[in-house]
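Residue numbers for the sequence shown follow my numbering, beginning at 36 and rising by one.
We put the beta carbon where it would ideally sit given N, CA and C, even for glycine.
All remarks here apply to the structure that follows.
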Amino acid sequence: MAVPTLVSFPIVCDGYPDLIFDLAGADDVQQLTEFIMKEFFHRFPLKDNWDVEKELRPWMGQYIGHMCSKGVSIILRDTTNNNRIAAAAINDIDYKNRAEDDISLVSFTNPIERPGWQNVCDLLEILHEGMNLDDDPDYVKRGLSTQCAKLTVMLAKSKGLQSIKVEAVSEFMARVLAKIGFQMIKEIDYNCLEINGEIPFATEDIHRYARLYILKIAD
């Protein structure tokens, strides 16, 4: 098997020298939590199906802190704008026998206290967990999510991982993944997904599919 190639951060964003990629760490948790809440969950295609602040805010910092401790999540900062976060990839490493204290998004499900999030996680359970790619709208159309995804692949290779799984809940994310070689292995139409006798995510929006993508990393 080939020796994994090391990836050394920080890395200058291709085409944008003022934007710098780095690994997310403990010092980034608070700012990254706010970024994820604002740029992902408050723009999430299924956001109207639950109270984002009430159901997610209380535990999101704990989740982001745990993900940052794994050393595989990537942030992109704008050095000309007080190191503002422009994009991020929240990545996780999963194992067949995952430890109980190795929390994930589904660790925070509760059908009574967080019924909306419970429905979302029921959807994720079907698709599996993976990577989330998020851009600040001020930085869109620059290919930043694509670069985040490519760096994630490089980082996974450097750690000797065998594959990457990503759930794409929007058409935008699906296009990014297909562009860099991920293969779609499962697709769910929100208008056909029944959970507990209901169709909680029925929509007329362009983002009407959840898809699972995989990229197998060659030895």
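**Request:** Can you give me the Cβ contacts of Glu164 inside the same chain, cut-off strictly under 8 Å, excluding the 5 residues immediately before and after it?
**Result:** Residue placement at Glu164 is flagged as unreliable, the pLDDT there being 42, under the threshold of 50; a coordinate-derived value is accordingly withheld.
**Request:** Mind checking who Ser198 pairs with in its DSSP beta bridge?
**Result:** Answer by DSSP bridge pairing, in chain order: Lys251.
**Request:** Kindly indicate which three-state DSSP category Phe56 falls into: helix, strand or coil?
**Result:** Looking at Phe56 - three-state DSSP - the assignment turns out to be strand.
**Item:** Candidates Lys105, Pro235, Asn117, of which the one nearest Ala124 by Cα
**Value:** Of Lys105, Pro235, Asn117, the residue nearest in Cα terms is Lys105.
**Prompt:** Going along the chain, which unbroken runs of the beta strand (DSSP E) with 3 or more residues stay wholly within the segment 114-142?
**Reply:** 119-125, all fully within the segment 114-142.
**Message:** Quick check on Asn231: does DSSP put it in helix, strand or coil?
**Reply:** It is coil, neither helix nor strand.
**Request:** Establish whether the CB of Asn117 and some CB of chain C are separated by less than 7 Å.
**Result:** Judged by its chain identifiers, the structure shown contains no chain C, having just a single protein chain.
**Item:** Continuous beta strand (DSSP E) stretch holding Phe42: start and end
**Value:** Sequence check: residue 42 is Val here, not Phe. From DSSP, Val42 is part of no beta strand (DSSP E); its letter is neither H nor E.
**Asked** The alpha helix (DSSP H) spanning Ile99 covers which residue range?
**Response** The continuous alpha helix (DSSP H) containing Ile99 extends over residues 87-104.
**Message:** Tell me the DSSP secondary structure of Ala237 in three-state form.
**Reply:** Here Ala237 sits in coil by DSSP.
**Prompt:** Ile252 and Gln182: beta carbons closer than 7 Å?
**Reply:** Between Ile252 and Gln182, the C-beta spacing is not below 7 Å.
**Item:** Endpoints, the beta strand (DSSP E) within which Ile71 is located
**Value:** Counting along the chain, Ile71 sits inside no beta strand (DSSP E); it lies in the alpha helix (DSSP H) bounded by residues 64-71.
**Asked** Tell me the DSSP bridge mates of Gln182?
**Response** According to DSSP, Gln182 bridges with nothing at all.
**Item:** Ala37 to Cys48 span [Cα, whole Å]
**Value:** Bear in mind that a pLDDT of 46 at Ala37, under 50, signals an unreliable position, so the number given afterwards is only what the model happens to contain. Going from the Cα of Ala37 to the Cα of Cys48 covers about 27 Å.
**With 16 other Cβ atoms within 10 Å as the buried cut-off, status of Ile120** = The residue is buried, with at least 16 neighbouring Cβ atoms inside 10 Å.
**Asked** DSSP three-state call for Asn222: helix, strand or coil?
**Response** The displayed chain sequence assigns Glu, not Asn, to residue 222. Strand at Glu222.
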